[in-house]
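Numbering of the sequence shown is given in this note's numbering, commencing with residue 612 and proceeding in unit increments. Yeah, the Cβ is synthetic: ideal placement off N, Cα and C, and Gly gets one too. Here the structure is laid out as structure tokens; the discussion comes afterwards.
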Amino acid sequence: MKRIGLLTSGGDAPGMNAAIRAVVRSGLYFGMQVYGIERGYAGLIEDKVMPLEMRSVSNIVQLGGTKLRTARCLEMLTKEGQKQAVQTLEKHGIDGLVVIGGDGSFRGAKILSDEYGVPTIGIPGTIDNDLEYTDYTLGFDTAVNTCLDIINKLRDTMTSHERVSVVEVMGRHCGDIALFSGIASGAEIIVVPEIKFDMDEIINRINRSRANGKHSNIIVVAEGVMGADDFARQLQEKTAYSVRPTCIGHVQRGGSPSMADRMLAAQFGNKAVRLLNDGIGNRAVGIRDNKIIDMDIIEAVSMKKTFNLELYETLQMISM
Ligand code: ATP
């Protein structure tokens with residue numbers, strides 16, 4: 612293994628730059644040449660390939676976003692696009708690839724591995740934490756910390772005015788950002804796609820908390836359920852409390868990565884290159900029970916994401 616390529620694909624996530632740095636530095640450690648590919652699979656198809664040196668990745672460990680930029684690329688779903696991508700790799704003599712992205716990006720990686728024989732390793736980079744095989748995805752921790760910062764501020768003003776705050780967080784079909792930011796911020800209620808909600812029950816919970824001396828309420832709603840505006844309107848129609856919606860939005864995707872995400876980035880990036888150096892491809896790296904693991908990439912994306920019911924019940928018990 613002499614030359615490896617590296618791309619970031621799908622939605623960006625804080626920690627992607629730190630992972631790029633870890634891949635480049637680990638590759639150089641093993642005497643490899645490392646090539647960065649811009650804008651995900653689109654750059655692979657369009658031959659946007661450049662060598663990355665030791666100093667190309669200086670001073671990026673702390674930066675949000677991705678230096679390689681990212682894109683969604685429909686052409687990669689076609690045979691034509693895939694062949695073009697492989698031609699670019701062949702042209703540059705790249706014989707191994709690291710793909711940082713979510714489950715869609717992993718499916719592209721699987722095709723390159725399986726159908727075209729390019730050993731490819733997936734690093735889970737998405738704020739959604741929607742991959743079952745790994746306890747955490749890169750960017751999730753930072754995104755939740757961003758939500759906490761905003762929810763803390765909302766709590767201040769909601770308490771002053773005795774309001775109910777409906778806060779919409781990201782996560783697509785997965786409720787983990789809502790679950791973790793709800794518990795860690797002391798929100799009274801979370802609404803996630805995995806559990807059917809009942810507006811009357813939510814109002815009962817608000818009433819109980821007010822009777823217990825609370826002056827405000829925070830309801831964290833995952834985007835996979837509905838938008839903050841719609842939820843707040845439905846709630847407002849049934850209650851006299853003053854309800855205010857807030858959609859946190861794309862601010863969750865940016866910002867300097869947390870310690871946890873930088874540590875994941877270092878370990879995921881290093882593990883990916885170790886695997887390629889051993890001639891192993893077609894694997895996804897992850898973390899389980901605090902240990903860095905790797906597994907078959909398609910098995911990894913095929914596992915159905917489970918929701919942590921015990922954590923959900925914990926919130927119900929401690930946030931009153
Ligand atoms: P996120 O979870 O942050 O959205 P993602 O990697 O799941 O990240 P997608 O938009 O699903 O984001 O996928 C990123 C890119 O991966 C797509 O634009 C496409 O180029 C490629 N891709 C997705 N699915 C496939 C597939 N089945 N076959 C080949 N390539 C794919």
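Taking three-plus beta-carbon pairs below 8 angstroms as touching, is the stretch 807 to 827 in contact with the stretch 782 to 791? Output reads no: the stretch 782 to 791 does not touch the stretch 807 to 827.
On the CB-based measure, 16 or more other CB atoms within 10 Å of its CB, does A883 come out buried or exposed? With 16 or more other Cβ atoms within 10 Å, it is buried.
Exposed unless 16 or more other CB atoms sit within 10 angstroms - verdict on R894: Per the 10 Å Cβ criterion, buried.
Going by DSSP in three states, Q644 sits in which element: helix, strand or coil? It is a strand residue.
Can you say whether E805 is buried or exposed, counting buried as having 16 or more other CB atoms within 10 angstroms of its CB? Buried.
Taking K721 as part of the alpha helix (DSSP H), name the residues at either end of that continuous run. Segment 714 to 727, the alpha helix (DSSP H) holding K721.
Going by alpha carbons, who is nearest to I761 out of R774, G616, E779, S771? Restricting attention to R774, G616, E779, S771, the CA atom closest to the CA of I761 is found in E779.
The alpha helix (DSSP H) with L790 in it runs from where to where? In the DSSP assignment, L790 falls within the alpha helix (DSSP H) that extends over 787 to 796.
Under three-state DSSP, which class holds D934? Lying outside 612 to 931, the shown extent of the chain, residue 934 is not represented and no answer is given.
With hydrogens ignored, establish whether the beta-carbon of E812 is closer than 8 angstroms to any heavy atom of the ligand MG. You won't find the ligand MG in this model; what it holds is the ligand ATP.
Straight-line gap, T857 to V777 (C-alpha atoms, nearest Å): Annotation: T857 to V777 spans about 6 angstroms, alpha carbon to alpha carbon.
Pairwise C-alpha distance: D767 and G621: Computed Cα separation, rounded: 35 angstroms.
Determine the contact status of P735 and G676, defining contact as a CB-CB distance below 9 angstroms. Going by C-beta atoms, P735 is not nearer than 9 angstroms to G676.
Write down the C-beta distance between E743 and T925 rounded to the nearest angstrom, noting that I regard them as a contact closer than 8 angstroms. So it is not a contact: roughly 20 angstroms between Cβ atoms.
Local conformation of C684 per DSSP, three classes: C684: coil per DSSP, three-state reduction.
Need the endpoints of the beta strand (DSSP E) that S776 sits in, please. Taken as a continuous stretch (DSSP letters only), the beta strand (DSSP E) holding S776 covers 774 to 780.
L688 CB to nearest heavy atom of the ligand ATP below 8 angstroms: Relative to the ligand ATP, the beta carbon of L688 is positioned inside 8 angstroms of a heavy atom.
Which one of A682, S796, C684, G728 has the shortest CA to CA distance from L700? Closest by alpha carbon: G728.
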